[in-house]
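According to the numbering used here, the stretch in the sequence shown is residues 23 to 353, in order.
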Amino acid sequence: MTPPVPMAEIWRGPFLESIHHGHAVICDAAGGIVESWGDPQAVVMPRSSSKMLQALPLITSGAADAARLWPEHLALACASHNGAAIHTDRVKAWLDHIGCTVDDFRCGPQEPDDLPARDALIRAGQKPCQIHNNCSGKHTGFLTLNRHLGGGPEYVDPDHPVQRACLEAFEEITGEASPGYGIDGCSAPNFATSLHGMARAMAFFAAARDGASAQEGAAARLVQAMVAFPELVAGEGRACTLLMRAMNGRVALKTGAEAFFIAIIPERRLGVALKITDGTTRGAECAIAAILVRLGVLDAGHPATRRFLNPPILNRRGIEVGMIRPGAAFA
Numbered sequence: 023m024t025p026p027v028p029m030a031e032i033w034r035g036p037f038l039e040s041i042h043h044g045h046a047v048i049c050d051a052a053g054g055i056v057e058s059w060g061d062p063q064a065v066v067m068p069r070s071s072s073k074m075l076q077a078l079p080l081i082t083s084g085a086a087d088a089a090r091l092w093p094e095h096l097a098l099a100c101a102s103h104n105g106a107a108i109h110t111d112r113v114k115a116w117l118d119h120i121g122c123t124v125d126d127f128r129c130g131p132q133e134p135d136d137l138p139a140r141d142a143l144i145r146a147g148q149k150p151c152q153i154h155n156n157c158s159g160k161h162t163g164f165l166t167l168n169r170h171l172g173g174g175p176e177y178v179d180p181d182h183p184v185q186r187a188c189l190e191a192f193e194e195i196t197g198e199a200s201p202g203y204g205i206d207g208c209s210a211p212n213f214a215t216s217l218h219g220m221a222r223a224m225a226f227f228a229a230a231r232d233g234a235s236a237q238e239g240a241a242a243r244l245v246q247a248m249v250a251f252p253e254l255v256a257g258e259g260r261a262c263t264l265l266m267r268a269m270n271g272r273v274a275l276k277t278g279a280e281a282f283f284i285a286i287i288p289e290r291r292l293g294v295a296l297k298i299t300d301g302t303t304r305g306a307e308c309a310i311a312a313i314l315v316r317l318g319v320l321d322a323g324h325p326a327t328r329r330f331l332n333p334p335i336l337n338r339r340g341i342e343v344g345m346i347r348p349g350a351a352f353a
């Protein structure tokens with residue numbers, strides 16, 4: 023077993039204060055490893071980076087077309103959104119469209135990360151509800167699929183037809199039998215795989231073309247939706263949204279909890295999967311930016327890139343006291 027390698031460094035003045043170690047894999051369309059750091063066979067929980075895989079049955083089952091879903095719906099099905107009005111208004115409309123309500127959700131309430139939305143709730147004396155959950159788009163996709171399949175209300179149960187369909191797609195596209203699952207923050211099962219398996223899956227998405235197999239067509243539609251609506255996939259100020267905009271729709275990005283990150287690069291037919299072992303988001307954002315610059319799809323000088331790659335650390339008086347920079351693995 024190969025140990026994780028240094029992927030991001032925190033410098034304070036002339037001193038190396040902290041190091042974030044991790045694993046990363048770049049795969050080609052054939053599933054081969056183009057480049058790797060750390061252990062490609064490390065078993066990982068992709069968390070929200072697997073939402074595109076969980077959304078595949080929504081399309082391949084015919085549920086998306088039967089419900090007349092648009093690309094905006096598909097982007098939300100892949101999203102970990104901020105709970106801003108642009109997200110929650112669309113989720114509400116989608117629920118109405120399929121004849122469901124917030125009470126049908128099984129994701130749980132969450133305070134919005136979007137500050138205007140949070141402050142509006144406070145001023146109105148209201149509590150956040152399930153529609154504010156960052157996974158409410160994914161769960162509306164689950165409900166849409168569930169209506170199509172005729173399943174029971176507990177659609178997050180691992181034995182439910184919705185989750186069985188998700189597992190089947192997950193194992194087919196990663197090319198591996200999952201060793202098991204954990205329950206995600208939104209109560210849905212999150213299936214484990216190797217980092218190589220996850221990168222292989224992202225390369226499948228990168229190479230997918232409309233008009234090919236049902237799975238390829240579905241994958242292509244999801245990627246196109248993500249890059250067309252980066253603000254729906256995450257939100258203002260978030261790395262996924264900012265970096266996708268910086269790359270002008272050339273790359274789809276998706277973060278996951280505990281410092282997971284994926285990239286889908288159609289023009290190169292490459293997939294990237296990355297895990298920072300200490301679970302720190304700043305390390306994952308720095309590392310994925312470094313890999314994208316290394317691959318030539320992200321401009322190192324773009325203002326969005328500089329927010330995550332070599333950004334200054336400012337103290338409370340606004341004085342620059344350090345920086346976050348790529349680790350020795352990328353030297």
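Cβ coordinates follow ideal geometry from the N, Cα and C atoms, glycine included.
Small disclaimer: the values here were computed from a predicted structure and weren't measured.
Asked, Found
"For C49: DSSP bridge partner residues", "I55 and G293"
"Residues that V27 bridges to, as DSSP identifies them", "G44"
"DSSP-derived helix/strand/coil call for E238", "helix"
"Span separating the alpha-carbon of F227 from that of L336", "38 Å"
"Cβ pair A326, R267 closer than 8 Å", "yes"
"Classification of F37 by the beta-carbon crowding that lies within 10 angstroms, buried from 16 upward", "exposed"
"Three-state secondary structure (DSSP) of T123", "coil"
"Three-pair Cβ contact test at 8 Å for the region 109-129 versus the region 169-183", "yes"
"For A191 and Q76, the rounded distance between their alpha carbons", "7 Å"
"Sequence-distant residues of its chain with Cβ nearer than 7 Å to A221 (five each side left out)", "V47, I48, C49, G293, V294 and A295"
"Start and end residues, alpha helix (DSSP H) containing A191", "P183 to T196"
"M366 classed as buried or exposed, judged by whether at least 16 other C-beta atoms fall within 10 angstroms", "It is not possible to answer for residue 366, since the shown part of the chain is limited to 23 through 353."
"Delimiting residues of the alpha helix (DSSP H) encompassing G163", "S158 to L171"
"DSSP three-state assignment for E253, whether helix, strand or coil", "helix"
"Beta-carbon contacts of V113 that lie in its chain and below 7 Å, excluding the five residues immediately before and after", "L98, I153, S158, G159 and T162"
"Three-pair Cβ contact test at 8 Å for the region 124-135 versus the region 104-112", "yes"
"Sub-8 Å separation of A285 and L264 beta-carbons", "no"
"Beta-bridge partners of I205, as assigned by DSSP", "P211"
"Meets three-Cβ-pair contact criterion under 8 Å: the region 58-71 and the region 80-91", "no"
"Terminal residues of the alpha helix (DSSP H) in which V315 lies", "T303 to R316"
"Span of the alpha helix (DSSP H) around G349", "Neither: G349 is in no alpha helix (DSSP H) and is coded neither H nor E."
"Endpoints, alpha helix (DSSP H) assigned at T263", "A261 to A268"
"Option nearest H218 by Cα separation, candidates M29, A30, M248 and S58", "S58"
"Own chain partners of A261 with C-beta closer than 7 Å, once the 5 adjacent residues on each side are dropped", "T277, E307 and F330"
"Residue range of the alpha helix (DSSP H) that includes K73", "K73 to T82"
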